Structures are given as C-alpha cells and as structure tokens.
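Enquirer: Residue numbers (my numbering): 7 to 199. All residues carry an ideal CB built from backbone N, CA and C; glycine is no exception. In this text the structure is predicted, and so the values were computed from the model without any measurement.
Okay, structure coming up:
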C-alpha cells in the first residue's frame with residue numbers, strides 16, 4: 007500500500023484504536039449525562055422548594071391572622087387579598103367543617119373529602135385569552151381547631167414549562183455529546199491508522 011493511500015473506511019471500525027476511541031466516547035457521554043442529569047434534578051428541587059417556601063410563608067401569615075382575629079380575620083384578609091389580587095397566581099380557599107366555601111378565589115373545594123397528603127397537586131380551570139384552560143396547582147391545607155380548613159397554593163404551569171424545556175435541552179445536549187464523541191472517535195482512529 008502506498009503512503010498516500012488511506013485504508014478502507016470499513017477497516018477503521020475493526021481497529022483497536024477505534025474501539026479505544028469509542029470507549030472514551032462512551033465514558034465522556036456517561037460523565038456529561040450524569041453531570042447534566044444532576045444539574046436538572048438540583049434545578050427542579052430548587053424550584054419546588056422555592057414554591058413550597060412561598061406557600062408556607064403565606065400559610066403562616068394567615069394562621070397568625072387566625073390566632074389574632076379568628077375566622078373573621080382570615081375571611082377579611084382573604085377578601086383583601088382577592089381584591090388586591092395578592093401574589094400573582096395565588097390560590098386561597100377557606101372552608102367550613104362541611105367543606106363549604108367561606109372565602110377565597112376558588113369557587114369550591116377541589117377534592118372529594120380531605121386529602122391525607124401534606125402537599126397537594128391538582129388542576130383548576132381558568133379563562134385565558136378567551137379560552138378555558140386547566141392550570142396545575144401546588145398547595146397545602148391546614149386545619150384550624152374549629153374544623154375550618156385553609157388551602158393556600160400557587161399555579162405552577164410556568165415552572166413545569168421551564169422544567170420541560172430544560173429537560174429537552176438536557177436530552178439534546180446528551181445526544182449531541184454522544185454524536186460528537188462518536189465522530190471524534192472515528193476521526194481519531196482514522197488518524198492513528
């Protein structure tokens with residue numbers, strides 16, 4: 007074989023250089039995947055904790071109002087929040103022991119009975135741009151000594167959209183890393199031959 011001739015392309019796949027390059031490519035892809043996966047999980051956890059902390063702060067403030075003024079104080083505060091819209095995308099509902107609405111911006115109790123979970127996720131219907139849409143909500147319920155229950159939550163569709171976009175970007179990055187690694191492995195094995 008002359009020096010200027012290159013070996014056939016299919017022979018590159020049988021070389022130990024190509025196998026070594028592919029092994030390094032796999033190691034690199036797995037490492038990048040683990041790193042990006044960890045970043046994705048940590049970001050999701052931080053976003054969830056931020057939402058939960060906002061809900062807990064509002065629940066504490068309303069529970070303090072209940073301790074000071076009783077249910078009338080909570081009703082007055084929820085009415086004030088509803089008129090001023092309070093925090094954007096906030097969900098408030100105070101119900102009596104029979105789960106009948108007393109105050110808040112939800113039309114009715116969104117569950118059948120009283121859920122046992124500490125953190126609840128459900129959907130509400132909202133009118134947006136003239137169309138009826140279903141928005142996901144994350145919430146928490148506290149029960150007062152007189153049997154009244156207070157639900158405080160927030161609409162989380164933006165957080166979910168961000169997580170979906172971030173997940174798609176992570177998967178694209180992993181796929182491109184694998185493709186780039188395979189191409190580099192092929193190029194390196196051809197150069198070594």
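Indicate whether the contact test is met: 3 or more Cβ pairs, each with one atom in the stretch 106–120 and one in the stretch 164–183, closer than 8 Å.
Expert: Verdict: no, contact absent.
Enquirer: I need the straight-line Cα distance from residue 33 to residue 52, nearest angstrom please.
Expert: Answer to the nearest angstrom: the Cα atoms are 29 Å apart.
Enquirer: How far does the beta strand (DSSP E) with residue 123 in it reach, from first residue to last?
Expert: Here residue 123 belongs to no beta strand (DSSP E), and DSSP marks it neither H nor E.
Enquirer: Using a Cβ-Cβ cut-off of 8 Å (strictly less than) and excluding sequence neighbours within five positions of residue 180, which residues of its own chain qualify?
Expert: Result list for residue 180: 35, 38, 39, 42, in chain order.
Enquirer: Can you list, in chain order, the residues of its chain whose CB lies under 7 Å from that of residue 81, leaving out five sequence neighbours each side?
Expert: Excluding positions up to five away in sequence, the list reads 100, 108, 109.
Enquirer: Work out the CA separation of residue 146 and residue 59 for me, nearest whole Å.
Expert: Using only the alpha carbons, I get a separation of about 11 Å.
Enquirer: In its own chain, which residues sit with a C-beta less than 6 Å from the C-beta of residue 88, not counting the 5 before and 5 after it?
Expert: The residues are 111.
Enquirer: Since residue 141 is in the beta strand (DSSP E), which residue starts that stretch and which ends it?
Expert: Taken as a continuous stretch (DSSP letters only), the beta strand (DSSP E) holding residue 141 covers 137–149.
Enquirer: Is DSSP giving residue 57 helix, strand or coil here?
Expert: Helix, per DSSP.
Enquirer: Does DSSP classify residue 187 as helix, strand or coil?
Expert: Residue state, collapsed to three classes: helix.
Enquirer: Residue 105: which of 96, 196, 120, 31 sits nearest, CA to CA?
Expert: Among 96, 196, 120, 31, the Cα nearest to that of residue 105 is on 120.
Enquirer: Would you mind working out which of 69, 96, 197 sits nearest residue 155, comparing C-alpha positions?
Expert: Among 69, 96, 197, the Cα nearest to that of residue 155 is on 69.
Enquirer: Identify every residue that forms a DSSP beta bridge with residue 159.
Expert: Per DSSP, 97, 145.
Enquirer: Can you tell me whether DSSP reads residue 153 as helix, strand or coil?
Expert: Residue 153 falls in the coil class under three-state DSSP.
Enquirer: Can you give the Cα-Cα distance for residue 67 and residue 163, rounded to whole angstroms?
Expert: Their Cα atoms are separated by approximately 25 Å.
Enquirer: So what does DSSP say about residue 179, is it helix, strand or coil?
Expert: Helix at residue 179.
Enquirer: Looking only at its chain, what residues have a beta carbon closer than 8 Å to the beta carbon of residue 61, apart from the 5 residues adjacent to it on each side?
Expert: Cβ neighbours of residue 61 beyond the five flanking positions: 144, 145, 146, 158, 159, 160.
Enquirer: Report the option in 47, 150, 97, 48 whose CA atom is closest to the CA atom of residue 71.
Expert: Comparing Cα positions, the closest option is 150.
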